[in-house]
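Here's the structure, in structure tokens; my notes come after.
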Amino acid sequence: MASQNDPGTVACAPSKAAEPGGGATWGSVRSRPQQELMTLMMSGDHGISAFPESDNVIYGMAGTVYEDLRYKLSLEFPSGYPYNAPTIKFLTPCYHPNVDLQGNICLDTLKDKWSALYDVWTILLSIQNLLGEPNMESPLNRGCRAVEEPSSLEKNTSMNPTKNI
1 MASQNDPGTV
11 ACAPSKAAEP
21 GGGATWGSVR
31 SRPQQELMTL
41 MMSGDHGISA
51 FPESDNVIYG
61 MAGTVYEDLR
71 YKLSLEFPSG
81 YPYNAPTIKF
91 LTPCYHPNVD
101 LQGNICLDTL
111 KDKWSALYDV
121 WTILLSIQNL
131 LGEPNMESPL
141 NRGCRAVEEP
151 SSLEKNTSMN
161 PTKNI
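1 is the number of the first residue of the sequence shown in the working numbering; add one for each residue after it.
Here it is in structure tokens:
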């Protein structure tokens, strides 16, 4: 995991990288995250948005209990990106078997199945898909009743304060 003191870490909103003037440092080695975020920003995808120095948001997919819910995420790119996976966390509380109370995400593509071929769009789309299709075989949040009772997701997502963020 990249630390905030790692000079090679590129943080994407809501916090800015430590630099005089408050802007992020984007060297040639770190230009890939910036290019990917700009491409995503220009794509107009209504379910996913990410911007350098701004909000990173995914929306629950239609037909799932997360439909119409909006989740803010933090994205941190290590100096070894794309060869090392970024650190992504939910900033908005999310009741889900694969998301713990601190916002950490249990997703194989962010851990042992990481590939340098993945880009920001692919990562965020994978997280969006995970919302609709939880991996019950590898729950991170064992306190989530959906692990034993999948129908509890519908009851508890209505308590998520995410519709009007």
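Just so you know, even glycine gets a beta-carbon here, dropped at the ideal spot from N, CA and C.
### Query
Taking the alpha carbon of C94 as the point to measure from, which residue in L117, Q34, Y81, Y59 has its own alpha carbon closest?
The shortest C-alpha separation from C94 is found at Y59.
### Message
Quick check on the DSSP output: what are the complete beta strand (DSSP E) runs of length 3 or more inside the region 44-127, in order along the chain?
### Response
Qualifying beta strand (DSSP E) stretches, in chain order: 56-59, 70-77, 87-90.
### Task
Answer with buried or exposed for L101, where buried requires no fewer than 16 other C-beta atoms within 10 angstroms of its C-beta.
With fewer than 16 Cβ atoms within 10 Å of its Cβ, L101 is classed as exposed.
### Query
Does the pairing of the region 80-90 with the region 110-120 give three or more beta-carbon distances under 8 Å?
Yes, the region 80-90 touches the region 110-120.
### Message
Please report the distance separating the alpha-carbon of W121 from that of R32.
### Response
Their Cα atoms are separated by approximately 13 Å.
### Message
Just to confirm my understanding: we take P134, look at its own chain, exclude 5 residues before and 5 after, and list those with CB closer than 7 Å. What are they?
### Response
Within the same chain, P134 has close Cβ partners H96, P97, N98, A146.
### Query
With 16 as the cutoff for other CB atoms within 10 Å, does E149 come out buried or exposed?
By the neighbour-count rule (16 or more Cβ atoms within 10 Å), E149 is not buried but exposed.
#### Entry: Neighbourhood of N104 by C-beta, 7 Å cutoff - its chain only, sequence neighbours within 5 removed
For N104, the CB contacts under 7 Å within the same chain, skipping 5 residues up- and downstream, are K89, L140 in chain order.
### Task
Give the DSSP-derived three-state secondary structure of R142 in the structure shown.
DSSP places R142 in coil when its eight states are reduced to three.
### Query
Are the beta-carbon atoms of Y71 and T92 separated by less than 8 Å?
A distance below 8 Å separates the beta carbons of Y71 and T92.
### Query
By a C-beta neighbour count over all protein chains shown, 10 Å radius and 16 as the cutoff for buried, is N129 buried or exposed?
Under the 10 Å beta carbon count, N129 is surrounded by fewer than 16 other beta carbons and is classified as exposed.
### Query
Mind checking whether I48 and L125 have CB atoms under 8 Å apart?
Yes.
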